[in-house]
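> Residue numbers (this note's numbering), protein chains in the order written: chain A, -17 to 99; chain L, 102 to 783.
Beta carbons: idealized from backbone N, C-alpha and C, even for Gly.
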Amino acid sequence: MDEHSIAGGGASPTQVERLTGEIDIATAPQLSRRFSAVPNTVSTLIVDLSEVTFLDSAGIQLLHQLHDRLRTRDAELIVVSPPGTSPRRVLDLTAFDARVTLRDSLPEVWTASQASS
Amino acid sequence: MTASRADLRRAELRAPVEPGAILLVDDHRENLLALEAVLDPLGEPIVSVESGEEALRTLLRREVAVILLDVRMSRLDGVQTARLIRSRPGTRHIPIIFLTAVARDADQIELAYATGAVDYVIKPFEPSVLRAKVSAFIALSRERAERLRQTRARERAEAAEQAVRTLQSLSDAALAHLELEPLVTELLTRACALFRAAGGALLIAEQDDGVLTVLAGHGPMRAFGELTPSATVRQLLKAGTPALLAPGDGGWVELAGATDQPVAAIPLTDPDGSRTLGLLVLAAAPGAGFDAGELSLLDLAGERIAIAIRHARQFEHQRELVETLQRSLLPERLPEHPRVELAARYRPEETGTRVGGDWYDAIQLDERRLALMIGDVVGHGRAAAARMGELRNALRAYAIEGHPPGIVLQQLDRLVRATVGPTMMATVLFGVLDLQSGAFTMARAGHPPPLVRAPDGTVRLLDTGSTLPIGVSGDDPPSEFTYALGDGETLLLYTDGAVDAPAEPIDAGIERIMSALGSGSAAAEASCDRVLARLLECGPPRDDVAILAAHVRIAKPGPLGFGLPAQRQSVTVARHRLRDWLRREAPELDSRTVSDLELAITEATSNVVRHAYGPTDASFQVMATRDGSMIEVTVRDHGRWRASRSTAQGRGLPLIEAVCDKLAIDRTNTGTTVTMTWTNIP
């Protein structure tokens, strides 16, 4: 699970969390700690699930909690999950995008952000 | 001293042939003076000695055309001297004229003739008669010497020719098989032996940058490295003729390497004269040096070596081409499937320089069906290979369309007859393996029948009806034949190169691969290895060989069952075990159904873990069964679920419901059983 910050304004940086492997009840606590470590200065957190091979309801719950926490300080969560993957199927089954922004790919995130700014 | 071939010829022309002298032997000095005076007008060299011993010594040192020998001498007399002269091969032929003082020596004259004198002169002699006799014998001697010289020259020429033939036969033999490096090593060793060199190096111009790389080193020149030739050596290479370089000569230092001996430098020029291929350097044995007379032989040797090197290069280039072509025509990798292990081998014919027409292929048509094919286009060379490529691609296309094997071969036959015409012929076996049932349905067009090895090692030939080869078939599609491969059986497809060993009937070849297949492991890789090894025992294959083996593992799906402690990590373990079981027992499942099953078991076991009573030794059991198109997964715990439900559980159950066809939850006092069923498994 590597992470890196990408260019953003000093006051409103965007951070990408690139997750890998399987997310279930066994790995969720570790992931929860990782999300807690995201600085409060981050205004847009992108969680990229492209390399995640499994996601269950524990992972979904974790993402919802993250979304709620970010929203309390006007920060945004964007989840990236390519169609056709196993995690995306779970996100779709739970209508995840009804509450959280869901994108197919990282480039799509940039395109969307260009369009909106 | 450097000497080119032209110099050598000039030297031969100039070289004075020492004229045979007139040898006068008399122990009286005044007699010698008189003889000299008489014979001087002949203009021939005269050597006068005063004893038989001295005469013999002189004969060792120089050529003598005729000997005038005084019969009466103190110590060694004339007759004794003549006997000694006659007894030695080198002097036996020299005419001897006896000089006698008086006629009473008649008995001695007789004796003289008996010992080999050709004439005698009685003293005092008539000068003109003596001169005439001597002159005649000198002429005879000259003639004889000339004949001898010619004979020797012929012998030398023959010896040289023999040496060149040795070298030529070496290079000729080398042309067919040897790669460049072993070839030049061999050539160098032979050249060193041929010219009695202490060592040598064979340098090759790898590129056009002029740098020479040592490809082989021998004796003191073994350690020779890379050489960037000086102007002198470049000149020598350009001249293209051998040169002898002694210490001190230009170029000697750079070519002599570790030796302090004279060297022969023989440029190796491409036979068409277009460029320098390399350089052969030979170092003389200590104290020996090279003879200028050997230069022409060195030149011929260089020519031979250059030809051999060019052929070796062409051979290597050709083989690279063939390998590339063959690689591009055979599948890079075979399909992988949990229910079948595939292995294949391709072996070109002996030299590896002729592309064969054999090929094999395997395509996963869908999750359940695997197409296996093998074929042999009649003929060799690039044309055959190109046709093989076309045929292979056409067969792939027809296979993917999903027609039954007989129709696939009929379509292939029609295509060939319509596009190529009667000049092309190929044998093909095409079959489809059902990975669920093990049924192998195949059709053959002139191709050898496949073999099946049972798990107990017995091997049988599936000798089904075959039709004519592709390209000559009739209008009816080849008949199909289905064989039900059982779990653990191994199917072997092969081309006739595999059963066609030198000096052996085909039947013996089939028996041989049957026995190879039957011994040892049933695994496809091991089977291929054994069959190929047994074939190679009979010598290098005359034809190319392709074999394709399929070892099927279609055991009826067994149930999955295990228990785990009710801990978070167990959720992951349970999911992985189910995944492995599915991969083994239901390999045809699509990836979405597999991830649905994984999600369901994860949610079900997560519920158990979440609701287990504290950190006790609670556990859960997982069962999975497959019955035809139905898969059932049950998760059972031995506690009671907590009354209160978390949000996660609220999500978990609907998710299970969403991905399975039927969900049943059975709560009792002893525990809860969640049964999840999928009914439309393909």
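Report the residues of the region 1 to 13 of chain A with a CB closer than 9 angstroms to any CB of chain L, ordered along the chain.
Listed in chain order, the positions of the region 1 to 13 of chain A with a beta carbon within less than 9 angstroms of a beta carbon of chain L are 4, 6, 7, 8, 9, 10, 11.
> Cβ closer than 7 angstroms: which chain A residues qualify as neighbours of residue 753 of chain L?
39
> Residue 673 of chain L CB to nearest chain A CB: under 9 angstroms?
yes
> Whole angstroms are fine: how far does the CA of residue 647 of chain L sit from the CA of residue 281 of chain L?
28 angstroms
> Would residue 528 of chain L pass as a contact of residue 546 of chain L if the rule is Cβ separation under 9 angstroms?
yes
> Per DSSP, what are the beta-bridge partners of residue 733 of chain L in this structure?
L/726, L/778
> Which residues in chain A sit within 9 angstroms of residue 759 of chain L, going by Cβ to Cβ distance?
75, 76
> Nearest CA to the CA of residue 709 of chain L: which residue from L/692, L/763, L/689, L/673?
L/673
> If the criterion is Cβ atoms closer than 9 angstroms, does the pair residue 473 of chain L and residue 539 of chain L meet it?
In this structure, the beta-carbon distance from residue 473 of chain L to residue 539 of chain L does not fall below 9 angstroms.
> Helix, strand or coil: how does DSSP classify residue 95 of chain A here?
helix
> Quick check: the Cα distance between residue 37 of chain A and residue 627 of chain L, rounded to an integer number of angstroms?
41 angstroms
> I'd like to know whether the C-beta atoms of residue 471 of chain L and residue 651 of chain L end up nearer to each other than 9 angstroms.
yes
> What does residue 149 of chain L pair with, by DSSP beta-bridge criteria?
L/125
> Does the CB of residue 720 of chain L have a neighbour CB from chain A at under 9 angstroms?
no
> What is the rounded straight-line gap between the Cα of residue 490 of chain L and the Cα of residue 613 of chain L?
30 angstroms
> Closer than 9 angstroms, CB to CB, is residue 68 of chain A near chain L or not?
yes
> State the start and end residues of the unbroken beta strand (DSSP E) segment that holds residue 60 of chain A.
58 to 62
> Measuring alpha carbon to alpha carbon, tell me which residue in L/296, L/328, L/377, L/318 is nearest residue 345 of chain L.
L/296
> In angstroms with no decimal places, state the Cα-to-Cα distance between residue 783 of chain L and residue 685 of chain L.
15 angstroms
> Per DSSP, what kind of secondary structure is residue 580 of chain L in: helix, strand or coil?
coil
> Kindly indicate which residue of L/217, L/594, L/681, L/138 has the alpha-carbon position closest to the one of residue 564 of chain L.
Ranking L/217, L/594, L/681, L/138 by Cα distance to residue 564 of chain L puts L/594 first.
> Using a beta-carbon distance cut-off of less than 7 angstroms, what residues from the region 531 to 550 of chain L approach chain A?
none
> Taking a Cβ distance cut-off of 9 angstroms, strictly less, list which residues of the region 691 to 703 of chain L are near chain A, in chain order.
692, 693, 695, 696, 697, 699, 700, 703
> Exposed or buried, residue 580 of chain L, counting other C-beta atoms within 10 Å across all chains shown (16 or more means buried)?
Flag for residue 580 of chain L reads exposed.
> Just to confirm, are residue 289 of chain L and residue 318 of chain L a CB contact at a threshold of 9 angstroms?
yes
> Hey, is residue 36 of chain A's beta-carbon within less than 9 angstroms of any beta-carbon in chain L?
By this cut-off, residue 36 of chain A is an interface position.
> Just to confirm the assignment, what range does the alpha helix (DSSP H) spanning residue 507 of chain L have?
506 to 520
> What are the boundary residues of the beta strand (DSSP E) that includes residue 32 of chain A?
26 to 37
> Pull out every residue of the region 503 to 523 of chain L whose Cβ sits closer than 8 angstroms to any Cβ of chain A, in chain order.
Here the close residues number zero.
> Inspect the CB distances between the region 137 to 157 of chain L and the region 120 to 129 of chain L and report whether three or more fall short of 8 angstroms.
yes
> Does the beta carbon of residue 676 of chain L come closer than 9 angstroms to any beta carbon on chain A?
By this cut-off, residue 676 of chain L is an interface position.
> Could you tell me which residues DSSP puts in a beta bridge with residue 460 of chain L?
Residue pairing for residue 460 of chain L: DSSP places it in a beta bridge opposite L/476.
> Alpha carbons only, please: which of L/137, L/320, L/692, L/499 is nearest the one belonging to residue 232 of chain L?
The residue from L/137, L/320, L/692, L/499 with its alpha-carbon nearest to that of residue 232 of chain L is L/137.
> Which complete alpha helix (DSSP H) runs does the region 531 to 598 of chain L hold, if anything under 4 residues is left out?
Every candidate alpha helix (DSSP H) stretch fails here, since none sits fully inside the region 531 to 598 of chain L while reaching 4 residues.
> Less than 9 angstroms separating the beta-carbons of residue 320 of chain L and residue 286 of chain L?
no
> Relative to the alpha-carbon of residue 27 of chain A, which residue among A/59, A/33, A/15, A/51 has its alpha-carbon at the smallest distance?
Relative to the Cα of residue 27 of chain A, the nearest Cα in the group A/59, A/33, A/15, A/51 belongs to A/59.
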